[in-house]
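Q:
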Amino acid sequence: MKTTITRILLFLLCTAGSVQLTAQSKCKDDVYAGREWTGKWNTSFGELVLIQRGSSVTGRYRNLGEVKAIYNKYTGKLKGTFTNKGSKGSFEFVLISCSNFRGKWGWGTALNKGDWSGKRASRNTTNRVTRTNTGSYKLKITLDYVKSSGTWDRDGKDDYMLHFLPTLKLDGRAQKMKYKKYGRIKNQIESYGPSSALHIRRTKGQKDHASVQVHLYKGHKMNIGNSGIFEIPKNYRITDSGTDFNIAIVADEVSSKTERIMTKNYKLDLKSILDFLTGKLYPGNRRDFMEVIPPSSSGLKGTQIQMRNNKRYVYNNEHGEKRLNRDDRSGLEVRYVIELVD
Numbered sequence: 001m002k003t004t005i006t007r008i009l010l011f012l013l014c015t016a017g018s019v020q021l022t023a024q025s026k027c028k029d030d031v032y033a034g035r036e037w038t039g040k041w042n043t044s045f046g047e048l049v050l051i052q053r054g055s056s057v058t059g060r061y062r063n064l065g066e067v068k069a070i071y072n073k074y075t076g077k078l079k080g081t082f083t084n085k086g087s088k089g090s091f092e093f094v095l096i097s098c099s100n101f102r103g104k105w106g107w108g109t110a111l112n113k114g115d116w117s118g119k120r121a122s123r124n125t126t127n128r129v130t131r132t133n134t135g136s137y138k139l140k141i142t143l144d145y146v147k148s149s150g151t152w153d154r155d156g157k158d159d160y161m162l163h164f165l166p167t168l169k170l171d172g173r174a175q176k177m178k179y180k181k182y183g184r185i186k187n188q189i190e191s192y193g194p195s196s197a198l199h200i201r202r203t204k205g206q207k208d209h210a211s212v213q214v215h216l217y218k219g220h221k222m223n224i225g226n227s228g229i230f231e232i233p234k235n236y237r238i239t240d241s242g243t244d245f246n247i248a249i250v251a252d253e254v255s256s257k258t259e260r261i262m263t264k265n266y267k268l269d270l271k272s273i274l275d276f277l278t279g280k281l282y283p284g285n286r287r288d289f290m291e292v293i294p295p296s297s298s299g300l301k302g303t304q305i306q307m308r309n310n311k312r313y314v315y316n317n318e319h320g321e322k323r324l325n326r327d328d329r330s331g332l333e334v335r336y337v338i339e340l341v342d
């Protein structure tokens with residue numbers, strides 16, 4: 001009886017072992033067996049550069065952070081963590097061929113954010129991966145000027161409060177605006193505004209209320225020149241769900257009481273903007289383009305485009321007004337410009 005049980009156990013162990021072996025890497029007949037994950041991978045969330053030594057796999061994620069993982073050759077699974085600008089997430093991948101993997105990911109330890117798949121772009125036969133820095137686009141946004149298109153105050157000059165806030169999210173995470181420069185109200189913006197604000201409002205009675213007002217005669221404009229830069233990795237893959245480039249503008253006329261003149265809040269087509277600014281869209285020195293209009297179903301806002309002195313610019317002029325009666329109205333135009341800088 002004992003002999004029979006022993007034989008059964010041995011049979012089960014051997015069978016389990018054979019199942020595990022068939023579950024291991026699809027590269028078992030490949031000369032790279034034992035280094036299945038080494039190489040550069042193009043994935044649904046950008047580039048991964050990995051190096052495998054035994055069961056340990058380390059590398060870089062999109063030049064944004066580190067990858068640390070353990071490969072189980074019996075289950076065929078690669079489990080580990082990645083960092084994205086200080087935030088930490090987890091993943092679980094499995095090879096479905098020598099050159100393709102599929103898996104899932106999430107923030108923290110949960111794997112609840114969906115699928116993550118990839119295809120190998122290159123392999124290093126020396127078991128060493130060269131880390132390359134593809135660099136970043138520097139997308140500069142400038143609040144160019146404001147202009148009055150109508151006034152209702154008796155002195156012919158209206159007083160405006162303006163809020164201008166561009167924001168950018170990549171992979172659903174807010175990006176910091178860098179290299180900010182100011183032509184106006186620097187101290188107030190840095191004291192009271194969100195980090196990416198290029199102009200702010202203050203209500204009556206608040207400190208610095210008078211300092212942030214814009215005073216304009218009809219037909220006159222005021223140059224603002226406040227700007228900031230968002231850095232976008234050149235190998236970043238723009239997705240509808242994870243990318244959000246938003247512009248928010250609010251303007252009030254406050255000569256006597258607060259009257260809302262303009263409210264704008266919309267999402268821009270970041271892919272088309274970058275394609276134009278880098279010359280992928282409308283290549284060459286064409287002068288006959290005027291506007292990029294995204295599909296209406298996308299919910300994205302179109303942008304004006306132009307080329308001056310062989311440099312490409314994206315801009316929008318936003319307008320708002322309010323009428324008190326047939327003859328009296330207050331109107332404001334706000335212009336912002338987007339460009340790539342070195």
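In our numbering, the protein residues as written are 1 to 342.
Think of the CB as a built atom: it goes at the ideal place given N, C-alpha and C, for glycine as much as any other residue.
Quick one: Cα of V250 to Cα of R323, how far?
A: Taking the straight line from one Cα to the other gives about 17 Å.
Q: According to DSSP, simplified to helix, strand and coil, what is K186?
A: If DSSP states are grouped into helix, strand and coil, K186 belongs with the helices.
Q: Can you tell me the Cβ-Cβ gap for T151 and S330, rounded? I've got them flagged as a contact below 8 Å.
A: T151 to S330, Cβ: 6 Å. Contact.
Q: I need the boundaries of the beta strand (DSSP E) containing I305, first residue and last residue.
A: Start and end: 303-308.
Q: Closer than 6 Å by C-beta to D208: which residues in its own chain qualify, once you throw out the five before and the five after it? Chain order, please.
A: Excluding residues within five positions, the ones whose Cβ falls inside 6 Å are Q188, R202.
Q: Is the beta carbon of S148 closer than 9 Å to that of G225?
A: Their beta carbons are not under 9 Å apart, which means G225 does not touch S148 by this criterion.
Q: At what residues does the beta strand (DSSP E) containing K140 begin and finish?
A: Note, K140: beta strand (DSSP E), 136-150.
Q: Taking 6 Å as the limit between beta carbons, can you name the residues of its chain near L300, skipping five residues before and five after?
A: Hits under 6 Å: K267, D269, P294.
Q: Does DSSP put Y71 in a helix, in a strand, or in coil?
A: If DSSP states are grouped into helix, strand and coil, Y71 belongs with the strands.
Q: Pick from E321, I51, D252: whose alpha carbon is nearest that of L162?
A: It is D252 whose Cα lies nearest to the Cα of L162.
Q: Please name the residue, chosen from E291, L332, N265, E321, that lies closest to V314 on a Cα-to-Cα basis.
A: Measuring from the Cα of V314, the nearest candidate turns out to be E291.
Q: Give me, in chain order, the residues of the same chain whose beta-carbon lies closer than 6 Å to that of R120; leave out the 5 immediate sequence neighbours on both sides.
A: The residues are G39, W41, S99.
Q: Spell out a yes or no on whether the stretch 223-238 and the stretch 173-193 are touching, meaning 3 or more CB-CB pairs, one atom from each, closer than 8 Å.
A: They touch, by the three-pair rule.
Q: Taking DSSP as the reference, what is the three-state secondary structure of D155?
A: D155 falls in the coil class under three-state DSSP.
Q: Give the DSSP-derived three-state secondary structure of I273 in the structure shown.
A: Helix, per DSSP.
Q: Closer than 6 Å by C-beta to D327: which residues in its own chain qualify, once you throw out the five before and the five after it? Chain order, please.
A: There are no such residues.
Q: Comparing alpha-carbon positions, which option in R62, Y336, N316, K68 lies nearest A197?
A: Per the Cα distances, Y336.
Q: Please classify S25: does DSSP put it in a helix, a strand, or coil?
A: Legend: pLDDT at S25 = 47, less than 50; position of this residue unreliable, no value from coordinates given.
Q: The beta strand (DSSP E) spanning Y282 covers which residue range?
A: Where Y282 is concerned, there is no enclosing beta strand (DSSP E), given that its DSSP letter is neither H nor E.
Q: So V334 and V214 are supposed to be a Cβ contact under 8 Å. How far apart are they, rounded?
A: That pair is no contact at about 10 Å.
Q: Have a look at K113 and G242 and give me their C-alpha separation to the nearest angstrom.
A: Roughly 11 Å separates the two Cα atoms.
Q: With 16 other CB atoms within 10 Å as the buried threshold, where does S272 fall?
A: So S272 counts as buried.
Q: Report, in whole angstroms, the separation of the C-beta atoms of S90 and T83, which I expect to be a contact under 8 Å.
A: So it is not a contact: roughly 11 Å between Cβ atoms.
Q: D342 lies in the beta strand (DSSP E); which residues open and close that run?
A: Unbroken run through D342: none, as it is neither H nor E.
Q: Taking the beta strand (DSSP E) that F91 falls in, what are its first and last residues?
A: Its beta strand (DSSP E) spans residues 87-97.
Q: Y192 by DSSP, collapsed to three states: which one?
A: Helix.
Q: What first and last residue would you give for the beta strand (DSSP E) that runs through Q213?
A: Segment: none, Q213 is in no beta strand (DSSP E) and carries neither H nor E.
Q: Taking the C-alpha atoms as reference points, what is the distance between L111 and S97?
A: Rounded to whole angstroms, L111 to S97 spans 22 Å at the Cα level.
Q: If we call anything under 9 Å between Cβ atoms a contact, is L357 one with L277?
A: The first residue shown for the chain is 1 and the last is 342, placing residue 357 beyond what the model contains.
Q: Measuring only the C-alpha atoms, how far is N309 from K234?
A: Each residue's Cα considered, the two are about 25 Å apart.
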